[in-house]
Amino acid sequence: MDQRATMAQSNRVGETNLARGTPLGASGPSGVSRMADPPGILRNPEARNWNTDVPNHLPHEKVFPIQIGTELFRLSGASLSSDAPSYFSQYFQCQLRQAQEKGEDPNTAIRTLYIDRDPITFKDISLHLQGYHVAPRDASHFVKLFADAQFYSLPRLISQLYEENIFITVGDREFQIPRELFSDPGNSPNYFSLSFTIFFSSPTEVFPGLSREGLLRPPSILPPSVPNRSSKTFSEILHLLRGYPLEIRSPEHRAELLRDCRYFHLKGLEQKLIPHSISYNLLRKKSEITIRLVDIRQSGLSILTNISPSTAPATEPLTSPPPPPTPSVGYVHYQRPFADSSPSELILEIGDSATLLHWDTMRLEFFGETKIRMGRLLEVVATKLNLPGKQPLGLLMKNGGASSEPASPGKSGLSEEMVRVVIGEDCGVVCDGKVVDLNGATD
1 MDQRATMAQS NRVGETNLAR GTPLGASGPS GVSRMADPPG ILRNPEARNW NTDVPNHLPH
61 EKVFPIQIGT ELFRLSGASL SSDAPSYFSQ YFQCQLRQAQ EKGEDPNTAI RTLYIDRDPI
121 TFKDISLHLQ GYHVAPRDAS HFVKLFADAQ FYSLPRLISQ LYEENIFITV GDREFQIPRE
181 LFSDPGNSPN YFSLSFTIFF SSPTEVFPGL SREGLLRPPS ILPPSVPNRS SKTFSEILHL
241 LRGYPLEIRS PEHRAELLRD CRYFHLKGLE QKLIPHSISY NLLRKKSEIT IRLVDIRQSG
301 LSILTNISPS TAPATEPLTS PPPPPTPSVG YVHYQRPFAD SSPSELILEI GDSATLLHWD
361 TMRLEFFGET KIRMGRLLEV VATKLNLPGK QPLGLLMKNG GASSEPASPG KSGLSEEMVR
421 VVIGEDCGVV CDGKVVDLNG ATD
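When the count follows full-length UniProt numbering, it moves up by one through the sequence shown with no breaks and lands on 443 for the last residue.
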């Protein structure tokens, strides 16, 4: 018995054991139905069973020679059928069909398939075909495996690699990121998922922008990298995404984290990092959030109106005139998108020297960027209250129109050019470290 027959006999025994007594080639209709749709981005839940339930694309007991570069590989039909239809299975199926049509011996009619690719990478692919789990070692290894898996049309390996960890170099350091790390609300889609979608396509598309027809070899793919960001800051972001606390050393440190969160499109983590304070007001029995004006997002704004049950209008006969509208007080609430579970009453923090309080008229005047942001905020509040705005400005300005005029509080539909200020009896005013009473005196 020659070496090929011995190998075929051992393969037959191995496949019988793997199939747990199932006759060779008897994968049944289920094996055929699984091949109707490729796995990969479709996330076929039955794809994991293909290691033990091998379709009958090629005779399981036969050995097929494949030369990759300078090295010859001999793989059984069972191994080649375990991840098929592929370039290998279609090539040898064609040879077997031609031998049958010509009446030739299939054992002698099969010719060696030669492919000018890297044999070292194919060693890992051959292990995958033989049923072993192959995991990328680094970013370079990942792109080589993915490019050749696409080139050889191996649907199950493509599916596995598509769900593998994300390999990327940030700054001067390489990172291996589990995809589950971005499962929190607001953190997906992000820079990594979008970039991998562009460079590493689904099994139904070979390479974005390229046609399989006439493709002699896959294009050269560089491992993903972000050289213009800090690896130290990114490692701290990953630390936060894993659920660990991080000590914010300074406002500059927080600004670095927020800047990179915006760069990588991690909106959920960004909202958790912005400076804020959530407290409970014992006098009013309300939850309050203090946040900077620059960090306000339109999607988190809401208005809740308080109407006392004792002042609510009672049911009147139909003949009675309609009662006057019941006055109510509305409070602007804010809920950080993707971070807070419920809204709290909004307390704005306006930094810098951009606000002037006129004591004689009790009006606030804003300047510069603060004036524009406050105008946009009041425009949103006016819209939520169904108040007519004088100009389509602020965040509602979508298609131009009055785009040449900057947003301002006076054009919000809520007030005149300056915002009216009410200082209650329980309000404390401190100016330059000195307490100011309502009459303008200082202590």
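Just so it is clear, CB atoms sit at the ideal spot from N, CA and C, and this is done for glycine as well.
Coil, strand or helix - residue i by DSSP
{"i": "Phe338", "result": "coil"}
{"i": "Asn107", "result": "helix"}
{"i": "Lys434", "result": "strand"}
{"i": "Gly413", "result": "Note that Gly413 has pLDDT 45, beneath the 50 cutoff, so the model's placement of it is unreliable and no number is given."}
{"i": "Ser302", "result": "strand"}
{"i": "Phe146", "result": "helix"}
{"i": "Glu163", "result": "coil"}
{"i": "Ala402", "result": "With a pLDDT of only 40 at Ala402, under the threshold of 50, the placement of this residue in the model should not be trusted; the figure read from the coordinates follows. Here Ala402 sits in coil by DSSP."}
{"i": "Leu113", "result": "strand"}
{"i": "Val419", "result": "strand"}
{"i": "Leu134", "result": "The amino acid occupying residue 134 in the given sequence is Val; Leu does not appear at that position. DSSP places Val134 in coil when its eight states are reduced to three."}
{"i": "Phe192", "result": "helix"}
{"i": "Asp2", "result": "Any reading at Asp2 needs caution, since the residue's pLDDT is 44, under 50, leaving its predicted position unreliable; the model's value is listed next. Of the three classes helix, strand and coil, the one that applies to Asp2 here is coil, per DSSP."}
{"i": "Glu101", "result": "helix"}
{"i": "Phe264", "result": "coil"}
{"i": "Arg373", "result": "helix"}
{"i": "Ala139", "result": "helix"}
{"i": "Pro313", "result": "Its pLDDT being 48, under 50, Pro313 is placed unreliably in this model, and the coordinates cannot settle the point."}
{"i": "Ala382", "result": "helix"}
{"i": "Tyr361", "result": "In the sequence on display, residue 361 carries Thr and not Tyr. Of the three classes helix, strand and coil, the one that applies to Thr361 here is coil, per DSSP."}
{"i": "Leu257", "result": "helix"}
{"i": "Leu80", "result": "helix"}
{"i": "Glu247", "result": "coil"}
{"i": "Leu127", "result": "helix"}
{"i": "Lys285", "result": "coil"}
{"i": "Ile296", "result": "coil"}
{"i": "Leu393", "result": "Unreliable placement is indicated for Leu393, whose pLDDT of 37 sits below 50; no coordinate value is reported for it."}
{"i": "Leu96", "result": "helix"}
{"i": "Pro219", "result": "coil"}
Residues of its chain near residue i, where Cβ-Cβ distance is below 8 Å and the 5 sequence neighbours each way are ignored
{"i": "Val430", "result": "Val436"}
{"i": "Leu113", "result": "Phe64, Pro65, Ile66, Gln67, Phe88, Tyr91 and Phe92"}
{"i": "Ser149", "result": "The question names Ser, but residue 149 is Ala in the sequence shown. So the qualifying residues of the chain are Ile125, Leu157, Ile158 and Leu161."}
Expected contact under 8 Å - CB spacing of residue i and residue j to nearest Å
{"i": "Val63", "j": "Ser76", "result": "6 Å"}
{"i": "Ala109", "j": "Ala99", "result": "4 Å"}
{"i": "Thr355", "j": "Leu364", "result": "6 Å"}
{"i": "Gly268", "j": "Pro185", "result": "5 Å"}
{"i": "Leu238", "j": "Ile168", "result": "Contact doesn't hold; Cβ gap of about 11 Å is too wide."}
{"i": "Leu293", "j": "Arg373", "result": "5 Å"}
{"i": "Glu369", "j": "Ile291", "result": "Rounded, the Cβ-Cβ distance is 17 Å, inconsistent with contact."}
{"i": "Pro106", "j": "Gly171", "result": "Not quite, the Cβ-Cβ distance comes to about 56 Å (not below 8 Å), so this is no contact."}
{"i": "Ser193", "j": "Phe175", "result": "Not a contact, Cβ separation roughly 15 Å."}
{"i": "Asn190", "j": "Leu273", "result": "Not confirmed; about 15 Å, so no contact."}
{"i": "Leu377", "j": "Ile296", "result": "6 Å"}
{"i": "Arg217", "j": "Phe151", "result": "7 Å"}
{"i": "Leu157", "j": "Ile115", "result": "Rounded, the Cβ-Cβ distance is 16 Å, inconsistent with contact."}
{"i": "Ser86", "j": "Ser140", "result": "Contact flag wrong, Cβ pair sits at about 24 Å."}
The ligand COA heavy atom lying under 7 Å from the CB of residue i
{"i": "Gly243", "result": "As presented, the structure is devoid of all ligands, the ligand COA included, so that no description of it is given."}
Per DSSP, cross-strand counterpart(s) of residue i
{"i": "Ser225", "result": "Thr169"}
{"i": "Phe366", "result": "Thr355"}
{"i": "Pro65", "result": "Arg74"}
{"i": "Thr290", "result": "Ser277 and Ile347"}
{"i": "Gln176", "result": "Phe167"}
{"i": "residue 462", "result": "Nothing about residue 462 can be reported from this structure: the residues present for the chain run from 1 to 443 only."}
{"i": "Val54", "result": "For Val54, which the question treats as bridged, DSSP gives no partner whatsoever."}
{"i": "Val429", "result": "Val436"}
Same chain only: Cβ atoms within 7 Å of residue i, ignoring 5 sequence neighbours per side
{"i": "Ser33", "result": "Here Ser33 scores only 38 on pLDDT, less than 50, and its place in the model should not be relied on; the value that follows carries that caveat. Cβ neighbours of Ser33 beyond the five flanking positions: none."}
{"i": "Ser195", "result": "Pro224"}
{"i": "Leu357", "result": "Leu364 and Val421"}
Spatial neighbours of residue i in its chain, beta-carbon cut-off 6 Å, leaving aside the 5 residues before and after
{"i": "Glu288", "result": "Ser279, Asn281, Ser344, Glu345 and Ile347"}
{"i": "Cys261", "result": "Leu269 and Glu270"}
{"i": "Gly330", "result": "Ile303 and Thr305"}
{"i": "Ser277", "result": "Thr290"}
{"i": "Asp360", "result": "none"}
{"i": "Phe367", "result": "Ala354"}
{"i": "Gln335", "result": "Gly300 and Pro343"}
{"i": "Leu57", "result": "Going by the sequence as given, residue 57 is His instead of Leu. Hits under 6 Å: Ser81, Ala84 and Ser89."}
{"i": "Ile248", "result": "Arg254"}
{"i": "Ile221", "result": "Val143 and Ala147"}
Interface flag, residue i vs chain C, CB-CB below 8 Å
{"i": "Ser159", "result": "Of the protein chains in this structure there is only one, and it is not chain C."}
**Asked** Taking contact to mean at least 3 C-beta pairs separated by less than 8 Å, is the segment 232 to 241 in contact with the segment 254 to 264?
**Response** yes
**Request:** May I ask you to verify whether the segment 127 to 141 touches the segment 149 to 168, counting CB pairs closer than 8 Å and requiring at least 3?
**Result:** yes
**Item:** Contact between the segment 115 to 124 and the segment 141 to 159 (3+ Cβ pairs under 8 Å)
**Value:** yes
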